[in-house]
Amino acid sequence: MVASHPTNGAGSPGARIGRPSATSRDRLESLAFELFASKGFEQTTVDDIAAAAGIGRRTFFRYHASKNDLVWGDFDGELARLRELLAACPRDVPMMDGLRDAVVAFNRFDPADVPWHRRRMELILRVPALQADSTLRYASWRQVVTAFVADRTGQSPDALLPRLVGYTALGTCIAAYEQWLTDPDADLAELLDTAMRELRGGFAGHEPASDRAAGAAGAGAGRAGQTPTR
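The sequence shown stops at residue 229 when you use numbering that gives the first Met the number 0, and every number in between is there.
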């Protein structure tokens, strides 16, 4: 699932609407989210956000291509971070375990930033006007996962298995996020870890033989009361 990590204080739940001392992408996001909370996403216009920031409409578009784009934060940068996490996965770690570890790490936030991220995901998953845009973003996320699976299995990214893992991994993450949004006390990382472990069982037989052997060895060590090598 897409994650965007706020910086420069943009994630502060108590950010106040008004003219900022300096404009930045993060500051515009913070102001916009306050307006979305008070007026609603669809009722808030680009002009409203620009006025709250004390800038003109043209200046707003120097930072964000659209109001929808603003909600997603630095999406391209976050996708690059997910690629890096997957690329750093050691080859001796089973494919689905590596994918799980990367997804959990990708969606791990400082406690202070959790309220901000929850508000972002409530918009992405619950506002109808954002659904069409979400489809395009999710496709890019799946491509990152598909490329990882293709590399680990020696298959083409267009083959069925890499595509299948990409789609099901996305669905698994969305399910975990929806559960998180309905339970204020839930831990997002734990939900994602549990959901991805459930997914792993379905694809264990399709991993390379070396991955299956490593996974079996780890499971055996766990049963013996030892900590599996990661």
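No residue lacks a Cβ here, since even glycine has one placed at the ideal position from N, Cα and C.
- Assignment of H116 by DSSP, reduced to helix, strand and coil, places it in the helix class.
- When DSSP states are grouped into helix, strand and coil, Q154 belongs to the coil group.
- For P161, the enclosing alpha helix (DSSP H) begins and ends at L159 to T181.
- Separation of A146 and A86 (C-alpha to C-alpha, rounded to the nearest whole angstrom) is 10 angstroms.
- For the set L30, R196, D186 and L190, the Cα lying nearest the Cα of D109 is the one of D186.
- Judged by their CB atoms, L180 and L124 are nearer to each other than the 8 angstroms cut-off.
- Taken through DSSP and simplified to helix, strand or coil, I48 comes out as helix.
- If you compare the alpha carbons of D184, G200 and Q178 with that of L191, the shortest gap goes to Q178.
- If you draw a 10 Å sphere on the C-beta of S65, you find fewer than 16 other C-beta atoms in it, and that means exposed.
- Assignment of E41 by DSSP, reduced to helix, strand and coil, places it in the coil class.
- Per DSSP, reduced to three states, the secondary structure at P89 is coil, with no helix or strand assignment.
- Taking every protein chain shown into account, the CB of A31 has 16 or more other CB atoms within 10 angstroms, so this residue is buried.
- In the structure shown, V126 adopts coil according to DSSP, grouped into three states.
- Relative to the Cα of V144, the nearest Cα in the group T134, A131, E83 and A52 belongs to E83.
- When Cβ pairs closer than 8 angstroms are counted between the two stretches, the region 46-66 is seen not to touch the region 104-118, the count staying below three.
- Nearest in C-alpha terms to T171, of all of N67, C88 and V102, is V102.
- Taking C-alpha positions only, R199 is separated from A131 by approximately 29 angstroms.
- L169 and R136 do not touch by the CB rule: their CB atoms are close to 10 angstroms apart, not below 8 angstroms.
- With respect to the C-alpha of T134, the residue from S23, A36 and N67 having the closest C-alpha is N67.
- For Q42, the closest alpha carbon among the candidates A174, A149 and P127 is that of P127.
- At a Cβ-Cβ threshold of 8 angstroms, M195 and R99 count as neighbours.
- For R196, the enclosing alpha helix (DSSP H) stretches over residues L187 to F202.
- The beta carbon of Q154 lies closer than 8 angstroms to those of V148, L160 and P161 in the same chain, with the five residues before and after it left out.
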